Every structure is written in structure tokens, then in C-alpha cells.
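Peer 1: Sending over a structure as C-alpha cells; questions will come in a sec.
Numbering (my numbering), first residue to last: 475 to 748.
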């Protein structure tokens, strides 16, 4: 009992120190080459992927994405119209899906010049704990891979199309875009997949989008890079000379490629189970 009480008291003191001095709390961890949750600087969080969980949905796509940061996912979000973060996430998600060309526009054509499919992506964030864009893109791409559409039988006009009640077809996707976010703390530490606590203390955030590269150009897999803040860090991870901007990007791209390979495997395995 005495040991348990001592541990509980230590946890309370740690929690209070974290709230009162968040920057110093994080700095002490990083100076000892460990993050608050025990991960290494380059280590992302474990991810699980499940597809086909909504039987009533035909699928989701790229045309009108909508992201909702619900009040239950984080105390910083409230009920009512979408807040600025949700609107920014919606815009960024739409841009990522469009630039990556994961779903070519001609794949939505029912009859040229007459009718096309209009698809929607709805993202509901249940737990906002950093790198929300990464999770939103992964969820959207996994849902697109699981989505099916009824097979058109006859096109009446631009607003009406007769479809088969039995036959359905999968979306013809091109590649699988994956986004990975990195944060720089104290202009020194470069962290992979930062949690919300780390994000709130970063000097810069870098998001890198990786898609399937053509065989004749393996370096063409980077389709999206977004930077916010002052991108400067030290080598190695807190000790040594300052890294150049290009070196930081190379580090992020290298880690993003590795993570993209892992996440694509998870999505493919999930799609096989459905």
C-alpha cells in the first residue's frame, strides 16, 4: 500500500508539473532521448485499420470531403458550426486527395457528357491526439478502397440513372496516398507522428504525402509537402551541427516512405478481410 501511494503521489506531481511547465516537461524528456509516451524520436504510433464497418454506406470519395472535429474527440472543440481547424482539415484533405489523383475524374463518368457520379468523404474524428491529417487521409483512402458503386444500366438524363439492384463495382483507384506529419520542438528535436501535446509546443510542423511511384521514376512518389513554422533542427536529434532545410526534408521524406509502406500493408490486409 505504501509503495502504491508513493507511486500515485509521484504521478500526481508529474501531471501537475506537465500542466504548469509543459515546455520544460517535454524538454526534459527529449534531452534524455525519450518522448513522453516512451517512443523514440523517429517512431510513429501503432495503427490499426478496419474497412467495411458501415453496411449502409456505398463508400466515400474525393469530390466533397467534409471533416468534423466533434466535441467528444478533444476538449478544444465545441458544438456548433465547423471550427477553423475542421475547415482547414477539410480543405487540406480535399487537396491531398485531388493532388494525389487517387481517384481519377474519368473513373466517375457514367456516360460522357451526360452523367457522372458525385461522391462524398465524411470524416468524423473520435479522438484528436495529434497528426489528425495523417489519420483522416488514411481513413479516407481505406474507405475508398472498400467502396463500391451500383452498375449503371441506363442513363435517363444528367440527374437520373437506372442502376442494377444486384451488380456493384469497386472504384478504380490509382495508388494509395499516405500522409505523415513531423514536428520540430525547441528548434532542435525532429519528432515523427507528434501527439497533440507535442504539436502544441512545436516550432514547425511538416506533412509529407507519399503515393505509389511509377517504376520509371521512383522519386516521383512525393506528391505533397506542407510546412508551417521555422524548419530547423540539430543533428543527431538534439546534439551537433544544425541541419539544413533540405536535410530535414530528406529525413522526413525517408521516414514518410517507410511509414507509407507499412500503412499500405495494413490497408491491403484490412480490405482482404472484408
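Glycine included, each C-beta is placed from N, C-alpha and C at the ideal position. Only a predicted model underlies this, so the values are computations on that prediction, with no experimental measurement involved.
Quick one: what's residue 624 bridged to in DSSP?
Peer 2: One-based indexing of the chain shown puts residue 624 at position 150. According to DSSP, residue 624 bridges with 642.
Peer 1: So, with DSSP's three-state summary, where would you put residue 619?
Peer 2: Taking the chain shown and counting its residues from 1, the one referred to as residue 619 is at position 145. Reduced to three states, the DSSP call for residue 619 is helix.
Peer 1: Using the Cα positions of residue 676 and residue 633, report the straight-line distance between them to the nearest angstrom.
Peer 2: Within the chain shown, numbered from 1, the residue matching residue 676 stands at position 202. Within the chain shown, numbered from 1, the residue matching residue 633 stands at position 159. Roughly 49 Å between the two C-alpha positions.
Peer 1: Is it buried or exposed for residue 651, if we count other Cβ within 10 angstroms and need 16 for buried?
Peer 2: To locate residue 651, count along the chain shown from 1; it is residue 177. It counts as buried.
Peer 1: Cα-Cα, which of 591, 616 and 734 is closest to residue 746?
Peer 2: In the chain shown, residue 746 corresponds to position 272, counting from 1. Measuring from the Cα of residue 746, the nearest candidate turns out to be 616.
Peer 1: Quick one: using the 10 Å Cβ neighbour count with 16 as the cut-off for buried, is residue 728 buried or exposed?
Peer 2: In the chain shown, residue 728 corresponds to position 254, counting from 1. With fewer than 16 Cβ atoms within 10 Å of its Cβ, residue 728 is classed as exposed.
Peer 1: Residue 681 and residue 608 - do their beta-carbons sit closer together than 9 Å?
Peer 2: Taking the chain shown and counting its residues from 1, one reaches residue 608 at position 134. Taking the chain shown and counting its residues from 1, one reaches residue 681 at position 207. Yes.
Peer 1: For residue 686, name the three-state secondary structure that DSSP assigns.
Peer 2: The count along the chain shown starts at 1 and reaches residue 686 at position 212. Correct three-state label for residue 686: coil.
Peer 1: Quick check: residue 487 and residue 577, are their CB atoms within less than 9 Å of each other?
Peer 2: As a first step, residue 487 is located in the chain shown; it is residue number 13 there, counting from the start. As a first step, residue 577 is located in the chain shown; it is residue number 103 there, counting from the start. Cβ atoms of residue 487 and residue 577: not closer than 9 Å.
Peer 1: If residue 500 sits next to residue 510, beta carbons under 8 Å apart, how far is it from one beta carbon to the other, in whole angstroms?
Peer 2: Residue 500 sits at position 26 when you count from the first residue of the chain shown. Residue 510 sits at position 36 when you count from the first residue of the chain shown. Contact holds; Cβ gap of about 7 Å.
Peer 1: Is residue 643 closer than 9 Å to residue 636 when the C-beta atoms are compared?
Peer 2: Within the chain shown, the letter at position 162 stands for residue 636. Within the chain shown, the letter at position 169 stands for residue 643. No, these two residues do not count as a Cβ contact at 9 Å.
Peer 1: Please report the straight-line C-alpha distance between residue 621 and residue 716, rounded to a whole angstrom.
Peer 2: Translated into positions along the chain shown, residue 621 becomes position 147. Translated into positions along the chain shown, residue 716 becomes position 242. Distance between the alpha carbons of residue 621 and residue 716: 46 Å.
Peer 1: Taking only three categories from DSSP, how would you classify residue 517?
Peer 2: Here residue 517 refers to the residue found at position 43 of the chain shown. Of the three classes helix, strand and coil, the one that applies to residue 517 here is coil, per DSSP.
Peer 1: Excluding the five sequence neighbours on either side, which residues of its own chain have a C-beta within less than 7 Å of the C-beta of residue 584, listed in chain order?
Peer 2: Against the chain shown, residue 584 aligns to sequence position 110. Closer than 7 Å at Cβ, skipping near neighbours: 590, 591, 626, 629 and 635.
Peer 1: For residue 619, tell me which candidate among 656, 724, 739 and 507 has the shortest Cα-Cα distance.
Peer 2: Residue 619 sits at position 145 when you count from the first residue of the chain shown. If we check each option's Cα against that of residue 619, 739 comes out closest.
Peer 1: For residue 734, which residues from the same chain have a beta carbon less than 6 Å from its beta carbon, with the 5 sequence-adjacent residues on both sides left out?
Peer 2: Position 260 of the chain shown holds residue 734. Cβ within range, chain order: 652 and 684.
Peer 1: Select from 694, 649, 703 and 605 the residue whose C-alpha is nearest the C-alpha of residue 559.
Peer 2: Sequence index remark: in the chain shown, residue 559 carries index 85 (1-based). Considering only alpha carbons, the answer is 605.
Peer 1: So, for residue 503: in the same chain, excluding its five sequence neighbours on each side, which residues have a beta-carbon less than 8 Å away from its beta-carbon?
Peer 2: Within the chain shown, residue 503 is the residue found at index 29, counting from 1. Cβ neighbours of residue 503 beyond the five flanking positions: 509 and 510.
Peer 1: At what residues does the beta strand (DSSP E) containing residue 647 begin and finish?
Peer 2: Your numbering for residue 647 matches position 173 in the chain shown. Counting along the chain, residue 647 falls outside any beta strand (DSSP E), and DSSP gives it neither H nor E.
Peer 1: If you check the beta carbons only, do residue 737 and residue 562 fall under 9 Å apart?
Peer 2: On the chain shown, position 263 is the one that residue 737 refers to. On the chain shown, position 88 is the one that residue 562 refers to. Contact flag unset, no.
Peer 1: Determine the direct distance from the alpha carbon of residue 700 to that of residue 580, and round the result to whole angstroms.
Peer 2: The count along the chain shown starts at 1 and reaches residue 580 at position 106. The count along the chain shown starts at 1 and reaches residue 700 at position 226. Approximately 28 Å, taken between the alpha carbons.
Peer 1: Assuming the contact rule is C-beta atoms closer than 8 Å, residue 649 and residue 574 should be a hit. Round their C-beta distance to whole Å, please.
Peer 2: Walking along the chain shown from the start, residue 649 turns up at place 175. Walking along the chain shown from the start, residue 574 turns up at place 100. Yes, residue 649 and residue 574 are in contact; Cβ-Cβ is about 7 Å, under 8 Å.
Peer 1: Tell me whether the beta-carbon of residue 655 lies closer than 9 Å to the beta-carbon of residue 679.
Peer 2: Counting from one through the chain shown, the residue named residue 655 turns up at place 181. Counting from one through the chain shown, the residue named residue 679 turns up at place 205. The Cβ atoms of residue 655 and residue 679 lie closer than 9 Å to each other.
Peer 1: What number of angstroms, rounded off, separates the C-alpha of residue 541 from the C-alpha of residue 601?
Peer 2: The residue you call residue 541 lines up with position 67 of the chain shown. The residue you call residue 601 lines up with position 127 of the chain shown. Confidence at residue 541 is low in this model, with a pLDDT of 46, below 50, so the placement of that residue should be treated as unreliable; the coordinate-derived value is given next. Using only the alpha carbons, I get a separation of about 13 Å.
Peer 1: Is it right to say residue 672 is buried, meaning 16 or more other beta carbons lie within 10 angstroms of its own, or is it exposed?
Peer 2: Start at 1 with the first residue of the chain shown, and residue 672 comes out as number 198. Classification for residue 672: buried.
Peer 1: Measure the C-alpha to C-alpha separation of residue 662 and residue 526 and round it to an integer number of angstroms.
Peer 2: The residue you call residue 662 lines up with position 188 of the chain shown. The residue you call residue 526 lines up with position 52 of the chain shown. Roughly 42 Å between the two C-alpha positions.
Peer 1: If we call anything under 9 Å between Cβ atoms a contact, is residue 667 one with residue 517?
Peer 2: By one-based count along the chain shown, residue 667 stands at place 193. By one-based count along the chain shown, residue 517 stands at place 43. Yes, they are a contact pair.
Peer 1: Roughly how many angstroms lie between the CA atoms of residue 603 and residue 522, to the nearest whole one?
Peer 2: As a first step, residue 603 is located in the chain shown; it is residue number 129 there, counting from the start. As a first step, residue 522 is located in the chain shown; it is residue number 48 there, counting from the start. When rounded, the distance between both Cα atoms is 15 Å.
Peer 1: Residue 702 lies in the beta strand (DSSP E); which residues open and close that run?
Peer 2: Within the chain shown, residue 702 is the residue found at index 228, counting from 1. In this chain, the beta strand (DSSP E) harbouring residue 702 covers 696 to 703.
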